[in-house]
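Number of protein chains: 2
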Amino acid sequence: MTVGYRVAVVGATGLVGETLLQVLRERQFPVSELVLLASERSEGARVAFGGRDHVVKRCRPGSFRGCDFAFFCVGAAVSRKLVPQAVREGAVVIDKSDGFRMDAQVPLVVPEVNPEALNHHRGIVASPNCSTIQLVMVLAPLMRRAGLERVTVATYQSVSGAGREAVSELETQVKDWAGGRELRTKRFPEQIAFNLLPHIGRVSPDGHCGEEVKLMRETRKILGLPDLPISATTVRVPVFVGHAQAVAVEMSKPLDPDEARALLARAPGLAVWDPPDAARYPTPRAAAGRDEILVGRIRKDPASPKGLLLWTCNDNLRKGAATNAVQIAEEMIRRGIS
Amino acid sequence: MTVGYRVAVVGATGLVGETLLQVLRERQFPVSELVLLASERSEGARVAFGGRDHVVKRCRPGSFRGCDFAFFCVGAAVSRKLVPQAVREGAVVIDKSDGFRMDAQVPLVVPEVNPEALNHHRGIVASPNCSTIQLVMVLAPLMRRAGLERVTVATYQSVSGAGREAVSELETQVKDWAGGRELRTKRFPEQIAFNLLPHIGRVSPDGHCGEEVKLMRETRKILGLPDLPISATTVRVPVFVGHAQAVAVEMSKPLDPDEARALLARAPGLAVWDPPDAARYPTPRAAAGRDEILVGRIRKDPASPKGLLLWTCNDNLRKGAATNAVQIAEEMIRRGIS
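From first to last, the protein sequence lines are chains A and B. So the mapping is simple: the numbering used here equals the position in the first sequence, first residue as 1, plus 26. So the mapping is simple: the numbering used here equals the position in the second sequence, first residue as 1, plus 26.
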């Protein structure tokens, strides 16, 4: 007898949904039945999975009935609307959106960091923001070894984090530029090709943009450090896939760069690319298509006696989104709490 | 009688040299005679200036004789070789390279920040690294008002900072990508199109790259704070012109974001673009072609009670290089010390 799970994917035709199906395939997640849901626009599309075509449907009452897991790969507005239905209809929801992450009842989980939070789920588990996942994966081993006093991060985020339209906007702008045509903007407020957009999400009255607030709050929640001093500047860059972060971290005890390298190299999900001559260093291009978070440029922070500086790159669609969601389901199965 | 200066430009056909001639024109710098010097490769090229064509020559003994100012817009190796000759032959040298910046005898000057350093020159004045200029222009007013305790900066640097070949490499890679051709690398160690290269210059055994060391050392020298705790991560991004910086600055006294906005808006050479709704924010594209350093995203640093976060953009070829050099000459004329 083959054990299998009935799995729904909401937002199956989006960038993250598509990557999620790819990750389910690669990891041979035991799917006995697949329900693909999306917006009206994608209704009727056909997606190959497990040797046969699946037709994408619109979400209707009963869509989640009989499902074990429902992966939500949509924005917060759609998640807020449909997640309660999925829970009512009996599915365990793994939600990639921002809709429930800061809800005290909802575990916000990176399986390598805080899997124990899953034990108290009430039907919804939130997967963090891509930038948060990338950051806590590196902070957690440092925290366990040396304690965290303060974190400052500047991000370099690819357009795929803003969805398929954003990817095609960069593509179109670059092709128009190469063809000598005028560049048009639509998804982004200003030209993204050969440019940098220094905020992601709305800027609040205190000056932080949405992405920065997520990064700070979610990191504190996942690490269980509600008062962690942390600040972030989040920037969109003209890269298709792969986010990068320049991180300054201050610890309670000093940690030598060599010790940090060894510690991070042993941590699950990380790959340290940091030869002394910088002959091989993390780039978004190198991170794209991988699940590991690449860590390099590890060095003492000259501005802080107990500080380290480092540079990380991650595939924002995989570990930053789809892979983390699938790992959450795998961990729940392992713990027998799905 | 028209007062004028005999001006030599070394590296006249490079990106910075070309921009310098443009800036001399725009600012109506009183040039009575122009001597254009460059490498063998550019010998014989013709450059229009002041209504007539000038022929680019190779540097020979006597090339600087009779010159009041010699602007060096070349790399450190060439500057180290030719600057002593120019000084011997009687010119005041304004050197854009890294060759003499940390020499205790050589003033390292941003005219808005430390013009008084010019008074002690001995024939050579160094103009700082582009990233240093961008940083100190913003730090100086904050330092004067509230003292500096610590600075952490992450940079986003355009390819024009690496010269004309680097610009053409990004151009070619993007056009090859648009045309479906394979991408080749030459000037950069890895693909720069749609990618990020997380070090600029060689990485030293302690893990910092050349650009980071310059940024730290030069900032301390210019601000007269030899022990300032400062750290930097410098990154090359696929942008043609315009560098950006995410800056976290900790001061001795807290400074409200509104006070900081007002203070920086009054500082010469800065333009604050920071409406509460972020409707207009600094981008490299907006900074390109301007002399002002654009400052935005000014907010309290949630990780530091006396800290501010800010985001700046600057044209690295203009204020980051050519304009600053010309301003140095203007300031020396004003002080009667040329």
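Where is the CB? At the ideal position from N, CA and C, for every residue including glycine.
Please say whether residue j and residue i have beta carbons closer to each other than 9 Å?
| i | j | result |
| --- | --- | --- |
| B:ILE226 | B:GLY187 | yes |
| B:CYS93 | B:LEU46 | no |
| B:LEU241 | B:THR198 | no |
| B:LEU314 | B:VAL267 | For clarity, residue 314 of chain B is Ala in the given sequence; the question names Leu instead. Yes, Cβ-Cβ distance for B:ALA314 and B:VAL267 is below 9 Å. |
| B:PRO255 | A:ALA329 | yes |
| B:GLU244 | B:VAL162 | yes |
| A:ARG53 | A:GLY76 | no |
| A:GLN160 | A:ASN340 | yes |
| B:GLY233 | A:PRO283 | yes |
| A:THR158 | B:ARG323 | no |
| B:VAL151 | B:VAL118 | yes |
| B:LYS212 | B:GLU195 | yes |
| A:ARG127 | A:PRO154 | yes |
| A:SER65 | A:ARG84 | yes |
| B:ASP327 | B:ALA286 | no |
| A:ILE120 | A:PHE97 | yes |
Helix, strand or coil for residue i per DSSP?
| i | result |
| --- | --- |
| B:ILE23 | Chain B is shown from 27 up to 364; residue 23 of chain B falls before or after that span and cannot be answered. |
| B:ASP284 | helix |
| B:TRP299 | coil |
| A:ALA71 | coil |
| A:ALA258 | strand |
| A:SER186 | helix |
| B:LYS326 | strand |
| B:ALA34 | strand |
| B:ILE363 | coil |
| A:ASP79 | strand |
| B:GLN217 | coil |
| A:ALA351 | helix |
| B:THR338 | strand |
| B:HIS147 | coil |
| B:ILE248 | helix |
| B:GLN48 | helix |
| A:MET277 | strand |
| A:ASP232 | coil |
| B:ASP202 | helix |
| B:SER123 | coil |
| A:SER153 | coil |
Going by beta carbon distance, what residues of the same chain come within less than 8 Å of residue i, once the five residues before and after it are set aside?
| i | result |
| --- | --- |
| B:MET27 | Note that B:MET27 scores a pLDDT of 45, beneath 50, so its modelled location is shaky; the value from the coordinates is reported in the next line. No residues qualify anywhere along the chain. |
| A:VAL321 | VAL164, LEU290, LEU296, ALA297, VAL298, TRP299, ASP300, PRO308, LEU336, TRP337, THR338 |
| B:GLU208 | ASP202 |
| B:GLU367 | Because chain B is modelled from 27 through 364, residue 367 of chain B falls outside the range shown and cannot be assessed. |
Could you work out which residues of chain A lie near residue i, taking near to mean beta carbons separated by less than 9 Å?
| i | result |
| --- | --- |
| B:GLY233 | PRO283, ASP300, PRO302, ALA304, ARG323, ILE324, ARG325, LYS326, LEU335 |
| B:THR309 | GLU216, GLN217, ASN221, LEU222, LEU223, PRO224 |
Starting from the C-beta of residue i, find all residues in its chain whose C-beta is less than 6 Å away, skip the five residues before and the five after it, and write them out in chain order.
| i | result |
| --- | --- |
| A:SER68 | THR39, VAL82 |
| B:VAL200 | ALA219 |
| B:ALA143 | PRO133, VAL135 |
| A:ALA348 | VAL42, THR45, LEU46, VAL49 |
| A:GLY125 | ALA102, SER105, ARG106 |
| A:PRO252 | ARG246 |
| A:ALA166 | VAL139 |
| B:VAL33 | VAL57, LEU60, PHE95 |
Mind listing the chain A neighbours of residue i? Cutoff is C-beta to C-beta under 7 Å, in chain order.
| i | result |
| --- | --- |
| B:LYS201 | ALA204 |
| B:VAL229 | ASP303, ALA304 |
Report the neighbours of residue i on chain B: residues whose CB is nearer than 9 Å to its CB, in chain order.
| i | result |
| --- | --- |
| A:ARG176 | ALA329, SER330 |
Report the neighbours of residue i on chain B: residues whose CB is nearer than 7 Å to its CB, in chain order.
| i | result |
| --- | --- |
| A:THR211 | Neighbours of A:THR211 on chain B: none; closest Cβ ~11 Å, over 7 Å. |
| A:MET277 | Chain B residues near A:MET277: none, gap ~14 Å exceeds 7 Å. |
| A:SER257 | ALA274, ASP327, PRO328, ALA329, LEU335 |
Can you name, in chain order, every residue of its own chain whose Cβ lies under 7 Å from the Cβ of residue i, other than the five neighbours on each side?
| i | result |
| --- | --- |
| B:LEU169 | Here residue 169 of chain B is Met; the residue named in the question, Leu, does not match the sequence. These residues qualify, in order along the chain: LEU249. |
| A:ARG171 | LEU281, LEU289 |
| B:ARG311 | GLY268 |
Cβ closer than 8 Å: which chain B residues qualify as neighbours of residue i?
| i | result |
| --- | --- |
| A:PHE266 | PHE220 |
| A:VAL162 | In chain order: nothing, as chain B lies at least about 16 Å away. |
| A:VAL263 | TYR182, LEU222, VAL263, PRO264 |
Strictly below 8 Å CB to CB, what residues from chain A border residue i?
| i | result |
| --- | --- |
| B:VAL193 | Residues of chain A passing the Cβ test: none, with the nearest at roughly 11 Å. |
| B:MET242 | PRO328 |
| B:ALA180 | ALA180, THR259, ALA272 |
Measure from the C-beta of residue i to each C-beta in chain D and report whether the shortest distance is under 9 Å.
| i | result |
| --- | --- |
| B:ARG176 | No chain D appears in the structure shown, which is made up of the protein chains A and B. |
Taking only beta carbons into account, state which residues of the region 335-347 of chain B come closer than 9 Å to chain A, listed in chain order.
-> Hits within the stretch, in order: LEU335, LEU336, TRP337, CYS339.
Which residues, taken in chain order from the region 67-99 of chain B, show a beta carbon closer than 7 Å to some beta carbon of chain A?
-> Answer in chain order: no residues at all.
Near-chain B residues of the region 125-152 of chain A (beta-carbon distance less than 9 Å), N- to C-terminal order | Near chain B, meaning a CB-to-CB distance below 9 Å, no residue of the region 125-152 of chain A qualifies.
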